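Numbering (the UniProt record's numbering), first residue to last: 1 to 301.
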Amino acid sequence: MSRRTDRRWWPSTPAGRRTLADVGVAALPTLLAVALGVIPLGVLFVESVSPPVTLANYAALGESVYPTIMLRSLSIGAVVTVVCLAVAYPVTYWLAHRCPVRYRLPLLISFTLPLWLNYVVLNYTWVWLLAEDGLVNAFLTGTGIVGQPLDLLRDAGVGVGPLELPGLSLGLGFVHIYLPYVLLTMYVSMERLDYRQVEAARDLGAGPIRVFRDVVLPGTYGGAVAGALIVYARIAGAFATPQILAAPSEQMIAQVIATQFYDVLDYPFAAALSVAFLVIVVVGLGMGAMSSDVRAALARW
C-alpha cells in the first residue's frame with residue numbers, strides 16, 4: 001500500500017479526526033442519556049428484590065387493592081387520552097384549514113400557554129374555580145341556577161365496566177395540562193393533510209362523517225398516535241394532579257407509591273410497585289407501537 005493510501009485511511013489525518021469527532025459528539029450524549037435512564041431503573045429493580053434477594057415484594061402486588069389501583073390509573077389515562085384526541089381533532093382541523101393565516105401562529109402559541117406554567121399552579125387554578133366558594137359556584141348561586149354550592153371539587157369518578165371515568169375536577173385538570181401536547185402533534189399532521197382531498201370527497205357527495213373516516217383520519221393518524229403515546233403514560237403515572245384534584249376514593253398508582261416511600265417507609269415494596277407499573281405501561285405502549293398500522297402511521301407523520 002502506498003504512502004498516499006495510508007494517509008487516506010489513517011485516523012490521524014484531518015478527515016479521520018473529523019470522523020472520530022463526529023462519532024464522539026454523537027456518542028457522548030447518547031451514553032449520558034442511557035446512563036441517566038438505565039442506572040436509576042437498575043437501582044430501583046435491585047431495591048425491589050431486597051432484602052437480601054426475594055420476589056416477595058412482587059408477590060404482594062396481587063394482594064389487597066393494588067391491582068384495582070393500577071387498573072384505575074390505566075383506565076383514567078386511556079379515557080383522558082381519548083378526550084384530548086376528541087378535542088384536538090376539530091380544533092386543529094379548523095386551525096390548519098379554516099382559520100385565517102394571520103391568526104394561526106398567535107392561536108397556536110396561546111394553546112401552548114399551559115406548557116409554560118408549573119403543573120401545581122395549573123392544578124390549583126381548578127381548585128380556585130371549582131371549590132364551594134370558587135368562581136363557578138359563585139356564578140351558579142349568584143344567577144340563581146342552583147340554590148346552594150355544588151360539590152364540584154374532588155368528586156369521585158364513575159365506574160363503567162372495567163374502566164373508571166375520572167371525576168370532573170380530575171378530568172379537567174388532566175385535559176388542561178396534557179391537551180397542548182396532543183394539539184401540537186395533531187396540528188403537524190393536520191397541516192400536512194391535503195385539503196383538496198377533503199373538497200373532492202365533498203364534491204362526490206360524502207358527508208362529514210365519511211369525510212372524516214375516509215380522508216381526515218387516515219391522513220392524520222400518525223399525529224394522533226404520536227400524541228397518544230406522549231400523554232398516556234404521563235397521565236397514568238401522574239402524581240400532582242390526582243393528589244390535588246382527585247377524591248380520596250380515586251387514588252392513583254403514583255400516590256400509592258409515594259405513600260409507601262415517604263409514609264410507610266417500605267422502600268422495597270414501593271420499588272416493586274414502580275417497576276411493575278412501568279413494565280405494564282411500556283409493554284402496552286410497545287405492543288401498540290409495534291403494530292404495522294401504527295408504525296406505518298408514525299412513518300408518515
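Quick reminder that beta carbons are idealized off the backbone N, C-alpha and C, glycines included.
Predicted model, so just to flag it, every value in this text is computed and none were measured.
- [ ] Could you name the residues that DSSP lists as bridge partners for G159?
- [x] E164
Requested in this report: Report yes or no: do the stretch 235-254 and the stretch 153-170 share at least 3 C-beta pairs separated by less than 8 angstroms?
Outcome: yes
Tell me the start and end of each unbroken alpha helix (DSSP H) in the stretch 114-160 that is at least 4 residues and wholly inside, in chain order. 119-130 and 135-142
* Cut-off 7 angstroms between Cβ atoms - residues of its own chain near Y187, not counting five sequence neighbours on either side -> T92, L95, A96 and L108
S110, enclosing alpha helix (DSSP H) - first and last residue: V101 to F111
**OP:** Would you please state the rounded distance, in angstroms, between the beta carbons of L179 and V87? I believe it to be under 8 angstroms.
**Re:** 6 angstroms
Reduced DSSP category for Q251 - H, G, I as helix; E, B as strand; rest coil: coil
Handout entry: First through last residue of the alpha helix (DSSP H) which encompasses P90
Key = Y66 to H97
I need the straight-line Cα distance from G222 to R104, nearest angstrom please. 22 angstroms
Query raised in the report: What's the gap between the Cα of A78 and the Cα of L122?
Result: 21 angstroms
If you run the structure through DSSP and keep just helix, strand and coil, what is L265? coil
inquiry  = Just verifying my parser: in three-state terms, what is the DSSP assignment at A27?
reply    = helix
Could you give the DSSP three-state label for P180: helix, strand or coil?
helix
Using DSSP with H/G/I as helix, E/B as strand and the rest coil, what is L204?
coil
Query raised in the report: Can you give the beta carbon distance from F111 to L28, rounded, assuming they're within the 8 angstroms contact cut?
Result: That belief does not hold up - the Cβ atoms of F111 and L28 are roughly 36 angstroms apart, past 8 angstroms.
| said: Looking only at its chain, what residues have a beta carbon closer than 8 angstroms to the beta carbon of A159, apart from the 5 residues adjacent to it on each side? | reply: The displayed chain sequence assigns Gly, not Ala, to residue 159. L165.
| query | If you check the beta carbons only, do V275 and S48 fall under 7 angstroms apart? | reply | yes
**Request:** For V120, count neighbouring Cβ atoms within 10 angstroms of its own Cβ and tell me buried if that reaches 16, exposed if not.
**Result:** exposed
| Using 8 angstroms as the threshold, is the stretch 39-53 in touch with the stretch 258-274, meaning 3 or more CB pairs across them? | yes
Boundaries of the alpha helix (DSSP H) in which G219 is found, first to last residue: L217 to A236
(Q) I'd like the span of the alpha helix (DSSP H) that includes A246, first residue to last. (A) Per DSSP, A246 belongs to no alpha helix (DSSP H) and is neither H nor E.
In three-state terms, what does DSSP make of P40? helix
**Request:** Please classify A56: is it buried, with 16 or more other beta-carbons within 10 angstroms of its beta-carbon, or exposed?
**Result:** exposed
Open item on the list: Does S2 pass the burial test, meaning 16 or more other C-beta atoms within 10 Å, or should it be called exposed?
Closed with: The pLDDT assigned to S2 is 47, lower than 50, so where the model puts this residue is not dependable; a value taken from the coordinates is nonetheless given after this. S2 comes out exposed.
Can you give the Cα-Cα distance for W9 and G286, rounded to whole angstroms? For W9, the predicted model reports a pLDDT of 44, less than 50, meaning its position is unreliable; a value from the coordinates is still stated below. So the alpha carbons of these two residues sit roughly 42 angstroms apart.
Are the Cβ atoms of A200 and T81 separated by less than 7 angstroms? no
Relative to the alpha-carbon of S75, which residue among Q255, T259, D203 and E250 has its alpha-carbon at the smallest distance? E250
Which same chain residues, not among the five before or five after G62, have their C-beta less than 7 angstroms away from its C-beta?
none
As a quick exercise: from L172, T220 and V211, pick the residue whose alpha carbon is nearest that of E191. T220
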